[in-house]
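> Let me begin by handing over the structure; questions about it come next.
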Amino acid sequence: MTDAAAAPGSPGRAQIPSVPRRIAAGAGVAIGVAVGSGYIPYYLLTHLKPSSVGFAVAATLPLLLGIAIGLLEGAATALKPTRLYGPLSILSGLVGIGYLYVIFQNSTIHVAVSAGGLTIGFGLLILLLILITGLSLIAGVVTTAEDLAHPGERLPFDYPAR
Amino acid sequence: MSDRISKPRPPALYRAARAIRWVSAILLVLVLIFAGVATYSGVKFAQGVQQGASQQIGGFSSQFTSHQTLELSAHYPINNSGLLPVNGLSIALAVRNSFGVLLTQGSTRGVQIGSGASTAIPFSLAVSVSNSSPAISLLVTDQSLSIFIWANVTYAYLFPVQLSFQQSYSWGAPFHGLATTFGNPFILPNGTVGVNSTLSFSDHLNMTLQGALSLHLVSSGGSTCGLLSYPMDLHQGVNFQSTQTAYLTPGCNPLGGTVRGVFTGPDYSFALPNQVIPQ
């Protein structure tokens, strides 16, 4: 599946990192994304729930979806030299948009204050993040199309030989 | 001849995907930085609201403005200790009596509060104290009013925030405990029937009332049997008591009727709740 060789007419040979290095890089990305989009929201939600702050999403949902996105991003990073990179990027974008859509539908926080309450909406912020994730998804589509039309064409540019 | 080897240009699809990823990454970083700043700033703003004086309406005053209308004025202090401006802050208020009956409601227009600034948003609410209004009891009964406040604001351009809270306000009635008592009727040598009536109440309103209170003794059939008039210059804390003689219209019996009071000030007037004259 790996298109290690340069495509015909490409400028030179690609210098693709070894599989262990790619796995290490993928693991790093997976852990970073899972922590950022899964564990941190989970931590915040579990610590806010007992207090006076109300948010209508179960804390485990962002954790699971965040881990799923992390695994997909990690896999995409590790498999970047292959034709799976584009589809994995698309899948990661779709899961990310789903994750953000769940948050968007509950994008209101209620804070109990003395003799009243404070309601904060953050739907616009989530919409912006959905837009950004949509851009990543489009990039995945373009890469998939490129890999289908010209397999290996991008490798010398992604991994230029030194 | 140059020995420099020109770098080959990446294919169009590659460039397109790379450009989209760059734009996406830059936007993500910008949005996350902005969200972080807004969250920090919002927490500071919320702390200011929660701990400061922002949850207390102050500077209450009241005045009669026109025919059977009372105006309640106060201000809402708010402090923006955050890093970002508060846009379009508008406040809606509703005043209910101790039974939960809505007496009046109103709202203020949107204002902007810059970063680190504090302001007091003034508001005034017109309360109808006509005979058909539930607020007429404000004239004769001290009571605890509940003021419900909803503050709507857009914080940091992206975050709609609504703050709601309730505040109690002790209302002091201008004619608290209003009572008119009557002595035994007596007949004058010319045949006119007179009756001594004593008017008593306490003024608990934080404003001066200057004018005259006229009391109409109305029979159960609706005819006016007599008229009493009390000039007044009232201040908060005054216990008013005065006795006057009412001379009754021949053939008119006020027993079982009502006392209808009307206070007339310099540029306003209002009717007091009717009092029943015992049989």
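Chains as they are written, first to last, in our numbering: chain A, 14 to 175; chain B, 11 to 289.
Where is the CB? At the ideal position from N, CA and C, for every residue including glycine.
Since we're looking at a predicted model, the values are computed, not measured.
Is there a Cβ from chain B that is less than 8 Å from the Cβ of Ile-103(A)?
Contact of Ile-103(A) with chain B is not assigned, every C-beta pair being separated by 8 Å or more.
> Roughly how many whole angstroms lie between the Cα atoms of Gly-201(B) and Gln-115(B)?
54 Å
> Grouping DSSP H, G and I as helix and E and B as strand, with all else coil, what is Glu-166(A)?
coil
> Between Thr-183(B) and Leu-148(B), how many whole angstroms is the CB-CB distance? I'm expecting something under 8 Å.
For clarity, residue 183(B) is Ala in the given sequence; the question names Thr instead. So it is a contact: roughly 6 Å between Cβ atoms.
> For Ser-34(B), return the contacting residues in chain A, with the cut-off set at a CB-CB distance below 7 Å.
Those are Ile-145, Leu-148, Ser-149, Ala-152, listed as they occur along chain A.
> Of the residues Lys-93(A), Gln-118(A), Val-154(A), which one's Cα is nearest the Cα of Gly-165(A)?
Lys-93(A)
> How would you list, in chain order, the residues of chain B whose beta-carbon sits under 7 Å from the beta-carbon of Gly-134(A)?
Phe-169, Pro-170
> Would you kindly check if the distance between the Cβ of Val-139(B) and the Cβ of Phe-44(B) is under 8 Å?
no
> For Val-96(B), does the count of other Cβ atoms within 10 angstroms reach 16, so buried, or fall short, so exposed?
Buried is the label assigned to Val-96(B), since at least 16 other Cβ atoms lie within 10 Å of its Cβ.
> Indicate whether at least one CB of chain A lies closer than 8 Å to the CB of Leu-23(B).
Judged by the 8 Å Cβ criterion, Leu-23(B) is in contact with chain A.
> Whole angstroms is fine: what's the gap from Arg-19(B)'s alpha carbon to Gly-124(B)'s?
49 Å
> Closest to Ile-151(A) by CA distance: which of Val-32(A), Val-48(A), Leu-61(A), Leu-101(A) is it?
Leu-101(A)
> Hey, is Phe-156(A)'s beta-carbon within less than 8 Å of any beta-carbon in chain B?
In the sequence as displayed, the identity of residue 156(A) is Thr instead of Phe. Yes, Thr-156(A) counts as interfacial toward chain B.
> Here's the rule I'm using: 16 or more other beta-carbon atoms within 10 Å means buried, otherwise exposed. How should Leu-78(B) be labelled?
One detail in the question is off: residue 78(B) reads as Gln in this sequence, not Leu. Answer is buried; the Cβ neighbour count reaches 16.
> For the alpha helix (DSSP H) that contains Arg-34(A), what are its first and last residues?
32-47
> Excluding sequence positions up to five away, which residues of its chain have a Cβ less than 7 Å from the Cβ of Ala-63(B)?
Bear in mind that the predicted position of Ala-63(B) carries a pLDDT of just 49, short of 50, making it too unreliable to give a figure here.
> Find the residues of chain A that neighbour Leu-227(B), judging by a C-beta separation of less than 9 Å, and give them in chain order.
Within chain A, no residue comes near Leu-227(B); the closest Cβ sits about 46 Å away, beyond 9 Å.
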